[in-house]
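Enquirer:
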Ligand SMILES: NC(=O)c1ccc[n+]([C@@H]2O[C@H](COP(=O)([O-])OP(=O)(O)OC[C@H]3O[C@@H](n4cnc5c(N)ncnc54)[C@H](OP(=O)(O)O)[C@@H]3O)[C@@H](O)[C@H]2O)c1
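As structure tokens, then:
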């Protein structure tokens, strides 16, 4: 949108004194979100499912950001007990925001989380639903929760609650992925509506990275080393895709731009695929309050977790 205020992705406002948590920070876009936040002076809680990847990510960030303030938090979003353990380990930490970035991409075959839900929806949507509810009491006034959407969330025109997880016999991996990203986006906008209705000083936003490829992503040893062959292979796609460094920009802007507001969706400027981060208009379905209410209740029932009052459906 042309009304988007200016923002320099290479000169972020200082975040010294702020603490942010990033899921999926051990690799991919999440690594770059964490790196950019650390470079802006923030204390970054790196959340990822394997301690080894956390160590490598911290090593890579420190190589580029001397003195980076980092903390590693093992957390498997496909395992509710692991999420509870991780949030307990945060102790008295007060967060100024979190980016719900981790995501399972489409699967060939149906797999399940420890709680028995389809893996992609169970991790991307339900895992972050549980994490958000547990983190909520740790948030500082003015904190932001940013959920990672996808342009693929635009391609779903109807959300059927009786087919969210794609049944075993007729599993459609890409459809579940698209549904999971739509569910996450609907959740982010619904969360912000509930926060506004409650007069809360917390905000929820959504962001999406456009199209991002490892082959176009600069090396960050020991997390990621770009091979020339991969770069050359992906180069023809460069007009409408980008590296994961640039793909991190919309989420970072949604999290820290003073001009960003709750309920917004941020994405790349060029064909929603690449480039500097700008405001985007969510689809009608993303903003549909009735769908959002049903989806929220479904997540509560699926996880057995309710957000603290006044955000849970029992108080609506
Ligand atoms: N790349 C794109 O073009 C694109 C487009 C639209 C949206 N997105 C979204 O952007 C986000 C990041 O994508 P990406 O390209 O960086 O993908 P990626 O390279 O595959 O990274 C996904 C991240 O999610 C983490 N993850 C997966 N399952 C997890 C679990 N159970 N618990 C904790 N973490 C888990 C992965 O951890 P491990 O390293 O341990 O596997 C990894 O850090 C995702 O939400 C994705 O849906 C990406």
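Residue numbers (the numbering used here): 732 to 1047.
Note that beta-carbon positions come from the ideal geometry of N, C-alpha and C, so glycine has one too.
#1: Taking only the alpha-carbon atoms, compute the straight-line gap between residue 899 and residue 1004 and give it to the nearest angstrom.
#2: The alpha helix (DSSP H) with residue 1024 in it runs from where to where?
#3: Using only alpha-carbon positions, find the residue among 757, 781, 795 that is nearest to residue 772.
#4: With respect to the alpha helix (DSSP H) encompassing residue 999, which residues constitute its N-terminal and C-terminal limits?
#5: Is any non-hydrogen atom of ligand 1 found closer than 6 angstroms to the C-beta of residue 677, if you look at the structure I gave you?
#6: Taking the C-alpha atoms as reference points, what is the distance between residue 973 and residue 860?
#7: Answer yes or no: the CB of residue 879 versus the heavy atoms of ligand 1, is any distance below 6 angstroms?
#8: Relative to the C-alpha of residue 878, which residue among 886, 867, 853, 829 is closest?
#9: For the alpha helix (DSSP H) holding residue 854, just list the boundary residues, first then last.
#10: Among 938, 1028, 905, 982, which residue has its Cα nearest to the Cα of residue 841?
#11: Could you check whether the Cβ of residue 760 sits closer than 6 angstroms to any heavy atom belonging to ligand 1?
#12: So for residue 976, helix, strand or coil by DSSP?
#13: Quick one: Cα of residue 737 to Cα of residue 827, how far?
#14: Specify the secondary structure class of residue 873 as computed by DSSP and reduced to three states.
#15: Does residue 815 come out as helix, strand or coil in the three-state DSSP assignment?
#16: Counting only the same chain and skipping the five closest in sequence on each side, list residues whose C-beta sits under 7 angstroms from that of residue 1014.
#17: Quick check: is any heavy atom of ligand 2 less than 6 angstroms from the C-beta of residue 757?
#18: Quick check: residue 844 and residue 834, are their CB atoms within less than 7 angstroms of each other?
#19: Report the option in 751, 760, 781, 797 whose CA atom is closest to the CA atom of residue 975.
#20: How would you write the range of the beta strand (DSSP E) that residue 1049 sits in, first residue to last?
#21: According to DSSP, is residue 934 part of a helix, a strand, or is it coil?
#22: Answer yes if the stretch 786 to 805 comes into contact with the stretch 909 to 916, meaning at least three C-beta pairs across the two stretches below 8 angstroms, and no otherwise.
#23: If you run the structure through DSSP and keep just helix, strand and coil, what is residue 992?
#24: Heavy atom of ligand 1 less than 6 angstroms from the Cβ of residue 1036, yes or no?
#25: Which value, in whole angstroms, describes the spacing of the CA atoms of residue 757 and residue 981?
#26: Closer than 7 angstroms by C-beta to residue 949: which residues in its own chain qualify, once you throw out the five before and the five after it? Chain order, please.
#27: Identify the residues that DSSP records as bridge partners of residue 828: which are they?
#28: Going along the chain, which unbroken runs of the beta strand (DSSP E) with 3 or more residues stay wholly within the stretch 895 to 948?
#29: Secondary structure at residue 885, three-state DSSP: helix, strand or coil?
#30: Between which two residues does the beta strand (DSSP E) carrying residue 822 extend?
#31: Run the proximity test for residue 976: is its beta-carbon closer than 6 angstroms to any non-hydrogen atom belonging to ligand 1?
#32: Going along the chain, which unbroken runs of the beta strand (DSSP E) with 3 or more residues stay wholly within the stretch 750 to 793?
Expert: Per the coordinate set shown:
#1: One C-alpha to the other measures close to 32 angstroms.
#2: 1020 to 1034
#3: 795
#4: No alpha helix (DSSP H) holds residue 999; the beta strand (DSSP E) holding it covers 996 to 1001.
#5: The question about residue 677 has no answer here: the residues shown for the chain are numbered 732 through 1047.
#6: Each residue's alpha carbon lies about 29 angstroms from the other.
#7: yes
#8: 829
#9: Element bounds for residue 854: n/a, residue is neither H nor E.
#10: 905
#11: yes
#12: helix
#13: 23 angstroms
#14: strand
#15: helix
#16: 885
#17: Among the ligands present in this structure, namely ligand 1, ligand 2 is not found.
#18: No, the Cβ-Cβ distance between residue 844 and residue 834 is not below 7 angstroms.
#19: 760
#20: No statement about residue 1049 is possible, as the shown extent of the chain runs from 732 to 1047 and does not include it.
#21: strand
#22: no
#23: coil
#24: no
#25: 19 angstroms
#26: Closer than 7 angstroms at the Cβ level, and outside the excluded window around residue 949, lie 957, 974, 976.
#27: DSSP output for residue 828 lists 751, 875 as bridge partner(s).
#28: 934 to 938
#29: helix
#30: Looking at the DSSP string, residue 822 is not in any beta strand (DSSP E), and its letter there is neither H nor E.
#31: no
#32: 750 to 754, 774 to 779
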